Structure formats: C-alpha cells, structure tokens
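Structure record follows, encoded as structure tokens.
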Amino acid sequence: MPNTKDWTETLRIKTIPASIVPVGIGTSYAFSLGHFNWLVFLVICFCAVMIQIITNFFNEIYDARLGADSEDRTGPPRGIIPARTMWPVTIICLIITFLAGLYLVSVSDWYILLVGIISLFFAWAYTGGPYPLAYKGLGDIFVLVFFGIVAVCGTFYIFTGYVDLICFWISLIPGLLSANILGANNIRDIETDRKANKMTLAVRLGEEKSKIMFTQIISTAFVFQAMTGFNLKSWWHLLPWLTSPLAMLILKKLKTAKGTGYNKILAMSGGLLLLFGILQMLAFVVIST
Numbered sequence: 032m033p034n035t036k037d038w039t040e041t042l043r044i045k046t047i048p049a050s051i052v053p054v055g056i057g058t059s060y061a062f063s064l065g066h067f068n069w070l071v072f073l074v075i076c077f078c079a080v081m082i083q084i085i086t087n088f089f090n091e092i093y094d095a096r097l098g099a100d101s102e103d104r105t106g107p108p109r110g111i112i113p114a115r116t117m118w119p120v121t122i123i124c125l126i127i128t129f130l131a132g133l134y135l136v137s138v139s140d141w142y143i144l145l146v147g148i149i150s151l152f153f154a155w156a157y158t159g160g161p162y163p164l165a166y167k168g169l170g171d172i173f174v175l176v177f178f179g180i181v182a183v184c185g186t187f188y189i190f191t192g193y194v195d196l197i198c199f200w201i202s203l204i205p206g207l208l209s210a211n212i213l214g215a216n217n218i219r220d221i222e223t224d225r226k227a228n229k230m231t232l233a234v235r236l237g238e239e240k241s242k243i244m245f246t247q248i249i250s251t252a253f254v255f256q257a258m259t260g261f262n263l264k265s266w267w268h269l270l271p272w273l274t275s276p277l278a279m280l281i282l283k284k285l286k287t288a289k290g291t292g293y294n295k296i297l298a299m300s301g302g303l304l305l306l307f308g309i310l311q312m313l314a315f316v317v318i319s320t
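As structure tokens, this is what we get:
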C-alpha cells in the first residue's frame, strides 16, 4: 500500500512552481490593467496545479511501462506506485479538474473549454499514446507552450477576454525557465533514457551541448525580461534581474555537474523560476498603483 512519502515523490512537489508562477504572471498583468477576481484566480491556480499533477501521474504510469524509470536512474525514485493504483487516482483527478474548469468557462467563454480539453489531452500525450512527446524530443517544446504561453495567456484571457502582444511576450519567460527544470532532469537521465529509447532533446544533443542550451535559455529569459521593461517603459520590470546571482550560481554548478549533481540544479532552477516570477508579478502590481 503506497504511503505518504510515495505520493509525495509521485506528486513531484519541487516542480509545482512551474504551474503556479505563469498563472500568477498572467493574473498580475491583468491586475495592472484593472481586471482581477480572487475566486477566479484561485480556481485557475487549482486547475493549473491539477493539470501538472495529472501530467506527472501519466508520466509515472507510462515511464514505468516503457522502462524509463529503471533502478539505474540517478534521480528520485519513480514508478513506486503501481499502475493499478495510479489509473483510478488519475481519472478522478481528471474529472475534478474538468468540473473546476467549467467554472472558468462560465466566467469566460467556450474558448477556455477548448484550451482545457487540449491541455488535459496533452497531459496524457506527453508520455502516453502512439506518439509520446517526451520520447520524441518534444518535451521541452511542450513545457514552453503549456507552462508558458498557454498558462499565462489563458489566465490573462479569462480575466480580460483578450490577449495582447505583451502578454504573449511575457509568457515565453516562465516557459523558458520551466523548460530548464525539465532540461536539468533530462541531462541527468541521458544514459538511462537512451537505454529506454526515450529520445529526449538532451539524449539527442548530448550532455555538453545540452549544457550550452541550458545556459542560452537562462540568458534568453533575462534578455526577454529586460525587453519587457523597455516595451512597457518601466524600470520596475528589471526587478527579476535581482535573481541573476542565483542564475549565475546555477550555471557555475552546471559546468561541473555529473549524475546526482543535477538534482541540485533541478531544485535551484525551480527556485529561480519561483523568485523570478514573484518579482515579475510585483513589478506589474507596483506599476498598477
């Protein structure tokens, strides 16, 4: 019988900021334009977290089935809860998330229902189905799209009824930083993923080139944030640059990282996303007052 620790590992708590931060960013931008509702915000957060949890659950089920979660991996234990237990829990989570999402449809429009259905479908298609994205080197694109563009723009749309160019631009930033959380995970697991025929982008590029891409992604996120401040004519949007010492520390550790060393980089990347996002939200709140 799975215990609390087993479920905690399966939920992958350290990666939850990847779903909350983009919702917060989309909400804070809408707030700066005079649109906000606490209940709507909380329901969006709930649905976003649940979609990530469902994605993680499907990942557990299919990685165990396809052999990616072998005993050789250097990351946290995976596949510890049997599929016969995971399936009913995952289905219940799907139903709850769908029902909660109907409230967001009621305060917005049917486009949000379409976005919700697509998001739930790709939560499954990430590691399930005939063409699992994570096994075809498309996991990083999935994260950029759904934990960046869809999450930020979808949130903003629910509050305002439209999406503008600034919203799209800022949505790329949490998407990029979230992609690096996955990137650290995939660089660590290159050897075991290759054996399981899980051809992630890290497997395709190799460790050294993947490290270069990781560095470029962080750099791009900071450049995009600076350009956001320029476009909005606000110095407050340079606040996220206060996280640059943490980013530099991550990149320093990345140079010499091996094996379990990537676990620390993964956790620090999650911390960078969280701190960067909070400061980005704060900038929008400040300029709205």
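The opening residue of the sequence shown carries number 32 in our numbering; numbering runs sequentially from there. We put the beta carbon where it would ideally sit given N, CA and C, even for glycine. Please read these numbers as outputs of a predicted model, since none were measured by experiment.
Excluding sequence positions up to five before and after residue 173, its CB lies within less than 7 Å of the CB of 153, 157 and 164, all in the same chain and listed in chain order. 8 Å or more divides the Cβ of residue 205 from the Cβ of residue 313. Per DSSP, the unbroken alpha helix (DSSP H) holding residue 226 starts and ends at 221-226.
Membership of residue 229 in any alpha helix (DSSP H) is not indicated, and neither H nor E is assigned to it by DSSP. With a contact defined as Cβ atoms closer than 8 Å, residue 129 and residue 151 qualify at about 7 Å. Ranked by Cα distance from residue 197, the first of 56, 215 and 274 is 56. The beta carbons of residue 208 and residue 307 sit about 6 Å from each other, so the pair counts as a contact at 8 Å. The residue from 39, 140 and 241 with its alpha-carbon nearest to that of residue 212 is 241.
Contact between residue 125 and residue 74 is absent: CB atoms are separated by about 16 Å, not below the 8 Å threshold. According to the DSSP assignment, residue 128 belongs to the alpha helix (DSSP H) that extends over 114-138. A Cβ-Cβ distance of about 19 Å is found for the pair residue 316 and residue 182, leaving them out of contact under the 8 Å criterion. For the 8 Å CB-CB criterion, residue 191 and residue 64 form a contact. Look at residue 192 here: in three-state DSSP terms it is coil, with no helix or strand label.
Inclusion of residue 272 and residue 256 in the CB contact set at 8 Å is warranted, their separation being smaller than that value.
Going by beta carbons, residue 79 and residue 95 fall outside the 8 Å limit.
Here residue 93 has 158 and 159 as same chain residues with Cβ atoms under 6 Å from its own Cβ, once five neighbours each way along the sequence are excluded. Remark: C-beta atoms of residue 175 and residue 210 approach each other more closely than 8 Å.
By the Cβ-count criterion, residue 81 is buried, with 16 or more other Cβ atoms from all chains shown falling within 10 Å of its own Cβ.
Going by C-alpha positions, residue 234 is about 22 Å away from residue 250. Taking the C-beta atoms as reference points, residue 89 is found nearer than 8 Å to residue 155. Residue 293 and residue 138 have their C-alpha atoms roughly 42 Å apart.
Judged by DSSP in its simplified three-state form, residue 67 adopts coil rather than helix or strand.
For residue 252, the enclosing alpha helix (DSSP H) starts and ends at 238-263. With respect to the 8 Å criterion, residue 41 and residue 112 are classified as neighbours on the basis of their beta carbons. The residue among 123, 302 and 52 with its C-alpha nearest the C-alpha of residue 274 is 302. Residues 99, 217, 230, 231, 233 and 234 of the same chain have their beta carbon placed closer than 8 Å to that of residue 224, with the five preceding and five following residues left out of the count. Residue 214 places its beta carbon less than 8 Å from that of residue 245. Around the Cβ of residue 148, a 10 Å sphere holds fewer than 16 other Cβ atoms; the residue is exposed.
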